[in-house]
Amino acid sequence: MNTQDQEQGCAGCKAKVTPKWRQDFPIEWEGDHYVTRREMVKFLTLGSLLLASANWATVVASRLLHRGSHVERNIGSASSLEQRGSSMLFRYPTEADPCIAVRTPEGKLVAYSQVCTHLSCAVVYDKAENGLFCPCHHGLFNLAGQPIAGPPTRPLPQVQLEQRGDQLFAVGMEVL
Amino acid sequence: MSLRRQGTTLFSAILAFVGAAVVLQLWLLTVSMEALLSGAYKTLIPAAAGSSILLLINACLLRYVFRFDRDAQRG
Chain G
707 MNTQDQEQGC
717 AGCKAKVTPK
727 WRQDFPIEWE
737 GDHYVTRREM
747 VKFLTLGSLL
757 LASANWATVV
767 ASRLLHRGSH
777 VERNIGSASS
787 LEQRGSSMLF
797 RYPTEADPCI
807 AVRTPEGKLV
817 AYSQVCTHLS
827 CAVVYDKAEN
837 GLFCPCHHGL
847 FNLAGQPIAG
857 PPTRPLPQVQ
867 LEQRGDQLFA
877 VGMEVL
Chain B
470 MSLRRQGTTL
480 FSAILAFVGA
490 AVVLQLWLLT
500 VSMEALLSGA
510 YKTLIPAAAG
520 SSILLLINAC
530 LLRYVFRFDR
540 DAQRG
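Going down the list, the protein sequences come from chains G and B.
Just so you know, we're using the working numbering here: the first sequence kicks off at 707 and counts up by one.
Just so you know, we're using the working numbering here: the second sequence kicks off at 470 and counts up by one.
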């Protein structure tokens, strides 16, 4: 028997000891767990990076959206709101954003977004309830913009007003 | 216990921690999206900062995993 035959014989012996599936998939569980867990940590850290980036993207998006809410806009004459308990509709900060200004029974002038924080119906001034009423689902906000009845849970965004002479200007909007 | 076997145990623990951190980040993102759509912008920066801190922790753990792996390959 030459050296080559001996080697083949040895290989044959090894083949008898090692099962066929082991030859086809020569992976040890320990090594497999080690690699898959290491790779999973890498994959999850990449996911973590994407999630953190998405979070900062919301900050950037808010800055872009918020920019429009600091414009000044003439919303009409103050004389149209002289009477206590009167209200006036206007648009702020863009033509697509309906708002409502109310002269309260105490004589204070307040303005809010007209979009209900529940499902975006338009709220109207209700003299009897002395608040802003949403006719869709019977939500009610007081004249401080806080929800006091019905399904809404978040306050109405408040519009900041300034009176210059007889003219009223909307100068900003803030979420309470 | 071999270094590789130690690594498997260690990586399992790190994986559990990183997984929990990613779930937290996902929750922070949903909170941010809700705040963005409702106009409550004050919430956004703290949420993004929290998410970044979790990312930093995850990155440090990943660096540790790489270092450990390099040592295991040498040894």
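All C-beta atoms in this analysis are idealised placements derived from N, C-alpha and C, irrespective of residue type, glycine included.
Quiz item: Of all the options G:Val-723, G:Asp-872, G:Val-865 and G:Leu-795, which has the alpha carbon lying nearest to the alpha carbon of Val-881 (chain G)?
Solution: When only C-alpha atoms are compared, the closest one is G:Val-865.
Quiz prompt | Residue-chain proximity (Asp-540 (chain B), chain G), Cβ-Cβ < 9 angstroms | solution = Chain G, which has no Cβ nearer than 9 angstroms to the Cβ of Asp-540 (chain B), makes this no.
Self-check item: Cβ of Gln-712 (chain G) within 9 angstroms of any chain B Cβ
Solution: Only weak support exists for where Gln-712 (chain G) lies, its pLDDT of 48 falling under 50; the value from the coordinates is given anyway. Closer than 9 angstroms: no.
Self-check item: Proximity to Pro-841 (chain G) [Cα-Cα], best of G:Ala-784, G:Val-766, G:Val-821 and G:Leu-770
Solution: Measuring C-alpha to C-alpha distances from Pro-841 (chain G) to each of G:Ala-784, G:Val-766, G:Val-821 and G:Leu-770 identifies G:Val-821 as the nearest.
Practice problem: Use the C-beta contact count for Arg-870 (chain G): other C-beta atoms within 10 angstroms, 16 or more gives buried, fewer gives exposed. | Solution: exposed
Self-check item: Cut-off 8 angstroms between Cβ atoms - residues of its own chain near Gln-873 (chain G), not counting five sequence neighbours on either side
Solution: Asn-780, Gly-782, Ser-783 and Ala-784
Quiz prompt | Those residues which DSSP pairs with Leu-815 (chain G) across a bridge | solution = G:Arg-809.
Quiz item: In three-state DSSP terms, what is Gln-542 (chain B)?
Solution: DSSP, reduced to helix, strand and coil, places Gln-542 (chain B) within a helical segment of the structure shown.
Quiz prompt | Three-state secondary structure assigned by DSSP to Asp-872 (chain G) | solution = coil
Exercise. Can you grab the Cα-Cα spacing for the pair Glu-778 (chain G) / Ala-802 (chain G), in whole Å?
Key: When rounded, the separation of the alpha-carbon atoms in Glu-778 (chain G) and Ala-802 (chain G) is 16 angstroms.
Exercise. Going by CA-CA distance only, name the one from G:Ala-758, G:Leu-849, G:Ala-855 and G:Leu-795 that's closest to Asn-836 (chain G).
Key: The option with the nearest alpha carbon to Asn-836 (chain G) is G:Leu-849.
Self-check item: Three-state secondary structure (DSSP) of Val-865 (chain G)
Solution: strand
Quiz item: Cβ atoms of Thr-477 (chain B) and Arg-860 (chain G): under 9 angstroms apart, would you say?
Solution: It is not a contact, given that the beta carbons lie outside the stated cut-off.
Exercise. Confirm, please, whether the CB-CB distance from Ser-520 (chain B) to Leu-795 (chain G) is below 9 angstroms.
Key: For Leu-795 (chain G) and Ser-520 (chain B), no; Cβs fall outside 9 angstroms.
Quiz item: From Ser-768 (chain G) to Val-829 (chain G), what distance separates their C-alpha atoms?
Solution: 25 angstroms
Quiz item: Going by C-alpha distance, which of G:Glu-745, G:Trp-727 and G:Leu-787 is nearest Arg-809 (chain G)?
Solution: G:Leu-787
Quiz item: Can you tell me where the beta strand (DSSP E) with Ile-483 (chain B) in it begins and where it stops?
Solution: First-last for Ile-483 (chain B): 472-507, but that is the alpha helix (DSSP H), not the beta strand (DSSP E).
Quiz prompt | Residues that DSSP places opposite Asp-832 (chain G) in a beta bridge | solution = Under DSSP, Asp-832 (chain G) takes part in a beta bridge, and its partners are G:Gly-837.
Quiz item: Just how far apart, CA to CA, sit Ala-760 (chain G) and Thr-499 (chain B)?
Solution: 10 angstroms
Practice problem: State yes or no: is the beta carbon of Glu-771 (chain G) nearer than 9 angstroms to at least one beta carbon in chain B? | Solution: A small fix is needed here, since residue 771 (chain G) is Leu in this sequence, not Glu. It does: the Cβ of Leu-771 (chain G) has a partner Cβ on chain B nearer than 9 angstroms.
Quiz item: With 16 other CB atoms within 10 Å as the buried threshold, where does Cys-805 (chain G) fall?
Solution: buried
Quiz prompt | Close beta carbons around His-824 (chain G), own chain, < 7 angstroms, minus the five adjacent residues each side | solution = Cys-840, His-843, Gly-845, Pro-857 and Pro-858
Practice problem: Give the DSSP bridge partners of Val-821 (chain G), in chain order. | Solution: Under DSSP, Val-821 (chain G) forms a beta bridge with G:Ala-828.
Quiz item: Mind listing which residues of the region 749-761 of chain G have their C-beta closer than 8 angstroms to chain B's C-betas, in chain order?
Solution: Leu-750, Thr-751, Gly-753, Ser-754, Leu-755, Leu-757, Ala-758, Ala-760 and Asn-761
Quiz item: Cα separation between Gln-710 (chain G) and Tyr-533 (chain B)?
Solution: Caution applies to Gln-710 (chain G), whose pLDDT of 49 falls short of 50 and renders its modelled position unreliable; the model cannot decide the point.
Quiz item: To which residues of the same chain is Glu-868 (chain G) closer than 7 angstroms at the C-beta, ignoring the five residues directly before and after it?
Solution: Phe-875 and Val-877
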